[in-house]
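Going by the UniProt record's numbering, 143 is the number at position 143 of the sequence shown; the sequence numbering is gapless.
Written below as structure tokens is the structure these notes are about.
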Amino acid sequence: MSVLQDHSCCPGYYGHECFRCPGGVGSWCSNHGACQDGNHGNGECRCFEGFHGTACEDCEPGRYGVNCSSKCVCNHGKCEDGLARSGRCVCYKGWKGATCSIEIKDDACGGVCAENANCITGPQGTAAACVCVAGYEGNGTDCDEMDLCSRANGGCSEFSTCLRVSAGERTCTCREGYSGDGVVCLEIDGCLLDNGGCHKSADCVRTGPNTTACNCRNGFQGPGRVCYPVNPCRTKNGGCSPHARCEYLGQGLRNCTCYRGHVGDGFDCRGSSNNELFRKPENAFLRRMLSKSSTRGFQGDGPFTVFVPVEETNKDSTVCNICCF
């Protein structure tokens, strides 16, 4: 009886080793998308409308709110977008208003604002105030450039490199062996692509991020990238009897068949009584005597018992030696 073993990944898991889909247990793709799971899946999250990221963990750029359904409108400023953001506009230098669409023409603050701040006048009766522009932070009279990467790796993944590109702006890039948007980085399973470069008769084993090893399957040998069928008949006659023919059947399999004139299972083959007796050096004295007589061959698989004269008393035919085959 042969037993075939197989496995299938549970929902939310993917690949030949059943990795967990992005987003965490029970909240695959942050509940904002569908994971390509299963043994042949790649773990990719296909985000619903408005959502973005490797795990659909945030809104698309320019969208905000719990459903990512609201769109930012900032003409000359930066929108505070994202799932937990309000969509507020932080204006660039020289602009003000809810959508940063009003040009600042007069300095009502008396020139006390920092270089990277705007003088904002509020409703009638309120004093003008200095407000740092997008990408800077401070009290308005003193504004420092924001370096997002200096805080919690800029919100990037632990497997990502945070790079400052400008004031208040950064990029997240997954390290070698990982893939994703940088905020979420997934370990690459090199075995998912073309069996990891392994031979078709080899198993691919993941050894690390995008690194693999190849092991030839039973019946094959080689480095794994290339596998050759093993022919057991080439080594010690495949374990067959010296009086048997070893036939290679492919993929490490062979068949042992006793030669004509011999009987047995292929691993143990017996010939005529003469042949078996002459295998033993102590029976050499019988060769001349038996060659002149007619002996019967063995029938069946044995074992067999043959009575032969003892050398010292071979003149007395009543004394025999017992040979078992």
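Even glycine gets a Cβ: it sits at the ideal position worked out from N, Cα and C.
Bear in mind that the values here come from a model prediction, so they are computed numbers and not experimental data.
In this structure, DSSP gives Lys-200 a state outside helix and strand, which the three-state scheme calls coil. For Ala-129, the closest of Cys-227, Thr-121 and Tyr-178 by C-alpha to C-alpha distance is Thr-121. Relative to the Cα of Gly-180, the nearest Cα in the group Cys-21, Thr-54 and Glu-158 belongs to Thr-54.
The Cβ-Cβ distance between Gly-182 and Ser-160 falls below 9 Å. Taken through DSSP and simplified to helix, strand or coil, Cys-214 comes out as strand. Pairing Gly-33 with Lys-105, the inter-Cα distance amounts to about 47 Å. Going by beta carbons, Glu-44 and Gly-23 fall outside the 9 Å limit. Assignment of Pro-232 by DSSP, reduced to helix, strand and coil, places it in the helix class. Given a length threshold of 4 residues, the stretch 90-126 has no whole run of the alpha helix (DSSP H) inside it. Nearest Cα to Cys-91 within the set Phe-51, Arg-63, Leu-83 and Cys-72: Cys-72. Gly-97 has its alpha-carbon roughly 15 Å from the corresponding atom of Thr-126. Distance between Phe-51 and Cys-172, taken at the CA atoms: about 18 Å.
Rounded to the nearest angstrom, the Cβ distance from Asn-255 to Glu-247 is 5 Å, consistent with a contact under 8 Å.
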